[in-house]
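Student: Going by numbering that gives the first Met the number 0, the first residue of the sequence shown is number 0, and it counts up by one from there. We put the beta carbon where it would ideally sit given N, CA and C, even for glycine. Since we're looking at a predicted model, the values are computed, not measured. Before I ask anything, here is the structure I am working with.
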Amino acid sequence: MKKNLIKKLSFSWIFISMLLITFSGMSQSQSLVLADAFTESHSVSLVTDNPSSIELRFNVNQLDLKQIQTENFGSMSIAISGDAPQIMEKGSPDLFFLNGSVIIPDFGSTELMVEPGEYVEYNDIDIAPSKGLLTRDVNPMDIPYEKGELYEKNAFFPGELASLREPYILRDYRGQTVEVYPIQYNPVTKTLRVYRDITVTIVAKQTKGINEFIDERTKSEVLAEFHNIYNRNFLNYASSAKYTPIDEEGFMLVVAHADYMEAVKPLVNWKNQKGQPTRLVSYTEAGGTPTALKAYITDQ
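Quick look at the structure:
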């Protein structure tokens with residue numbers, strides 16, 4: 000009985016030791032706090048909005064340096080902040096960035112003005128290189144950490160503090176996304192520079208722009224579903240909305256070729272059953288041509 004107890008105790012100590020070794024090898028994180036009081040690790044807010052310019056302010060309140068183990072470089076860190084996206088440029092320092100989308104004028108181009116705020120620098124920080132954007136069929140553990148040429152340059156990455164993506168059309172509005180890079184890293188000096196806040200201004204220009212929007216809508220209302228989508232997507236939707244949202248839920252129109260009508264009916268029945276008014280029509284009934292189909296949908 001005593002021998003069995005000793006064996007059990009020995010096994011327990013071995014098991015605990017293995018757990019300690021396992022946990023010590025797991026990634027840890029160090030938090031860097033830049034604001035006195037905050038509810039979110041980062042934020043973006045609308046400062047002003049008028050036909051000629053839109054001003055946004057981006058704030059970084061806290062970031063985490065997540066420690067990882069690399070095959071060739073030992074212990075390094077990845078800079079993350081809540082749900083902020085990573086830059087994901089293979090071989091470059093693995094840093095996050097912030098973004099926000101706004102409604103811009105239907106016509107014309109835009110330019111960006113950047114006003115950086117105060118920053119804090121942290122020394123002797125080893126930021127790991129990014130593995131890049133991996134597809135879902137790739138196991139991240141199979142991809143090694145590899146430093147790109149940027150790690151030999153005595154300069155801050157990514158360098159620019161903000162940039163504009165190309166304008167896009169989201170049904171009723173022309174929008175544009177601004178990206179802000181408040182985290183800058185010099186891999187030679189191992190200096191991490193963190194901007195507490197960056198203010199950007201999107202200025203409307205009269206020159207011809209990309210994806211200019213010709214609004215052919217004849218109705219002045221917008222369905223509640225799209226109202227919610229616009230409200231979530233555009234920071235200035237409340238001040239730039241050009242349609243009146245309607246409370247009632249619109250109906251869903253499903254257009255299918257005659258050969259697929261029976262296959263689509265269960266979907267239509269389910270939509271109606273759960274409270275979403277849905278109607279099924281054949282492609283022939285809707286006009287039978289792309290132009291006629293567009294007119295049919297517009298008239299609904």
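Kindly list the residues whose CB is nearer than 7 Å to the CB of Ile296, restricted to its own chain and excluding five residues on each side of it in sequence; keep chain order.
Tutor: To locate residue 296, count along the sequence shown from 1; it is residue 297. Only Leu252 meet the Cβ criterion.
Student: Quick one: grab the DSSP three-state call for Ser9.
Tutor: For this step, residue 9 is matched to residue 10 along the sequence shown. At Ser9, the pLDDT of 44 sits below 50, so the modelled position is not reliable; the number obtained from the coordinates is stated separately. Three-state DSSP puts Ser9 in a helix.
Student: Taking the alpha-carbon positions, what's the Lys146 to Asp214 distance?
Tutor: As a first step, residue 146 must be located in the sequence shown, where it is residue number 147. As a first step, residue 214 must be located in the sequence shown, where it is residue number 215. The alpha-carbon atoms of Lys146 and Asp214 are separated by roughly 48 Å.
Student: If you follow the beta strand (DSSP E) that Asp196 is part of, which residue opens it and which one closes it?
Tutor: Stepping through the sequence shown from its first residue, residue 196 is reached at position 197. From DSSP, the beta strand (DSSP E) with Asp196 extends over Asp196 to Ala203.
Student: Nearest to Leu62 by CA position, among Gly116, Ile79 and Leu163, is which residue?
Tutor: Translated into the one-based positions of the sequence shown, residue 62 becomes position 63. Residue Ile79 is the option with its Cα nearest to Leu62.
Student: Within 10 angstroms of its Cβ, does Ala161 collect 16 or more other Cβ (buried), or is it exposed?
Tutor: If you number the sequence shown from 1, residue 161 lands on position 162. Per the 10 Å Cβ criterion, buried.
Student: Which residue comes first and which comes last in the alpha helix (DSSP H) that contains Val263?
Tutor: Along the sequence shown, read from residue 1 onward, the residue named residue 263 stands at position 264. First-last of the alpha helix (DSSP H) with Val263: Met260 to Gln272.
Student: Would you mind sorting His256 into buried or exposed? The rule is 16 or more other CB atoms within 10 Å of its CB.
Tutor: Taking the first residue of the sequence shown as 1, we reach residue 256 at position 257. Burial call: exposed.
Student: Return the residue from the list Gln275, Glu261 and Asn71 that minimises the CA-CA distance to Ala223.
Tutor: The sequence position of residue 223 within the sequence shown is 224, counting from 1. Checked all of Gln275, Glu261 and Asn71; the closest Cα to Ala223 is Gln275.
Student: For Asn122, count neighbouring Cβ atoms within 10 angstroms of its own Cβ and tell me buried if that reaches 16, exposed if not.
Tutor: Your numbering for residue 122 matches position 123 in the sequence shown. The residue in question, Asn122, is exposed, as its Cβ has fewer than 16 Cβ neighbours within 10 Å.
Student: Identify whether Ala34 lies in helix, strand or coil by the three-state DSSP scheme.
Tutor: Here residue 34 refers to the residue found at position 35 of the sequence shown. Residue state, collapsed to three classes: coil.
Student: Using the DSSP secondary-structure output, state which residues sit across from Leu279 in a beta bridge.
Tutor: For the purposes of this step, residue 279 is identified with residue 280 of the sequence shown, where counting begins at 1. Answer is Val253.
Student: So, with DSSP's three-state summary, where would you put Phe106?
Tutor: For this step, residue 106 is matched to residue 107 along the sequence shown. It is coil, neither helix nor strand.
Student: With DSSP run on the structure shown, which of helix, strand or coil describes Asp63?
Tutor: Position 64 of the sequence shown, counting from 1, holds the residue named residue 63. Three-state DSSP puts Asp63 in a strand.
Student: Nearest to Ala154 by CA position, among Pro84, Ile102 and Pro186, is which residue?
Tutor: By one-based count along the sequence shown, residue 154 stands at place 155. Ranking Pro84, Ile102 and Pro186 by Cα distance to Ala154 puts Pro186 first.
Student: Here's the rule I'm using: 16 or more other beta-carbon atoms within 10 Å means buried, otherwise exposed. How should Gly73 be labelled?
Tutor: As a first step, residue 73 is located in the sequence shown; it is residue number 74 there, counting from the start. Result: exposed.
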